[in-house]
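By numbering that gives the first Met the number 0, the letter at position 113 of the sequence shown is numbered 112, and the numbering carries on one by one without gaps. Scroll down for the structure; my scribbles are underneath it.
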Amino acid sequence: MTAPLDFHGIRLYPGLIDRPAQEALVAALRRVAEAAPMFHPETRFGKKMSVKMTSAGAFGWVSDRRGYRYEPRHPSGVAWPPIPPEVLAIWRQVSGVDRAPECCLVNYYSESARMGLHQDIDESDFSMPVVSISLGDDALFRVGGLARSDPTASTWLHSGDVCVLAGEARRAFHGIDRLKPGTSTLLPQGGRLNVTLRVVT
Ligand code: MD6
Ligand code: FE
């Protein structure tokens with residue numbers, strides 16, 4: 000495995016996952032979504048998010064009018080399915096920590112979906128990294144600093160790229176400004192899947 004690039008403090012592994020492995024990941028994520036169907040979360044202000052989400056693992060990330068939080072069950076009441084082994088293998092390859100992830104959040108972006116600038120700060124141990132996997136269409140990823148008003152830098156994430164938020168960058172603001180539709184043939188219906196892995200407790 001080649002050394003990661005440093006993008007604004009984030010470790011970026013361009014093209015870490017080859018096409019056959021990407022296809023295996025998509026198949027595994029489809030099985031996750033069969034057990035725990037994707038849904039459009041609402042923000043605590045009652046506005047639907049543009050991405051659809053589901054999770055695997057001991058905890059899933061949910062958001063509704065009560066706010067956002069980790070929950071041990073899908074909104075339907077079923078337990079989240081286990082994190083697929085193909086996904087765990089990527090965590091072991093890049094995370095640099097001995098603990099296993101407890102949440103595998105799966106986000107689906109249609110061509111018009113986006114993700115506003117945010118921090119991942121709902122977890123209790125910030126010495127544990129967040130690992131993120133991109134599948135499908137290219138996405139413009141923006142990364143800033145620890146304050147929302149800090150300067151930001153942007154880069155395109157491609158299918159098969161993996162990034163790791165660790166150390167100083169663990170709590171950096173980040174978001175997805177837009178997709179570039181039609182840039183990948185991985186997902187027959189187009190769009191983009193993003194998987195983020197986290198230790199929650
Ligand atoms: C996305 N990513 O790539 C959104 N969070 O669709 C994230 O929100 C993210 O890429 C934590 C760590 C890495 C990420
Ligand atoms: Fe995030």
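By construction, the Cβ of each residue, glycine as well, lies at the ideal position given by its N, Cα and C atoms.
In chain order, what residues of the same chain lie with their CB nearer than 6 Å to the CB of residue i, ignoring the 5 residues before and after it?
| i | result |
| --- | --- |
| Val199 | Phe58, Tyr69, Glu101, Cys102 and Glu122 |
Taking 9 Å as the cut-off, decide whether the C-beta atoms of residue i and residue j are in contact.
| i | j | result |
| --- | --- | --- |
| Ala34 | Trp79 | yes |
| Gly166 | Pro13 | no |
| Pro83 | Val129 | no |
| Ser133 | Leu104 | no |
Within 8 Å: the Cβ of residue i and any heavy atom of the ligand MD6?
| i | result |
| --- | --- |
| Ser131 | yes |
| Arg18 | no |
| Leu156 | yes |
| Phe140 | yes |
| Tyr67 | no |
| Tyr108 | yes |
| Met114 | yes |
Leaving aside the five residues before and after residue i along the sequence, list all residues of the same chain whose C-beta is less than 7 Å from its C-beta, in chain order.
| i | result |
| --- | --- |
| Val50 | Asn106, Tyr107, Tyr108, Ala112 and Met114 |
Report the rounded CA-to-CA distance for residue i versus residue j, giving the unit in angstroms.
| i | j | result |
| --- | --- | --- |
| Ala23 | Thr42 | 32 Å |
| Thr182 | Asp137 | 6 Å |
| Gly56 | Pro81 | 5 Å |
| Gly95 | Asp63 | 33 Å |
For residue i, which residues in the same chain have their Cβ closer than 8 Å to its Cβ, ignoring the five residues on either side in sequence?
| i | result |
| --- | --- |
| Ser270 | Nothing in the structure corresponds to residue 270, since the chain is present only between 0 and 200. |
| Arg91 | none |
When the cut-off is 9 Å and only beta carbons count, does residue i lie next to chain D?
| i | result |
| --- | --- |
| Leu15 | Protein chain content of the structure displayed is limited to a single chain, and chain D is not contained in it. |
For the ligand FE, which residues count as neighbours when the test is a C-beta closer than 7 Å to any heavy atom?
Ordered along the chain, the selected set is His117, Asp119, Val129, His173 and Thr195.
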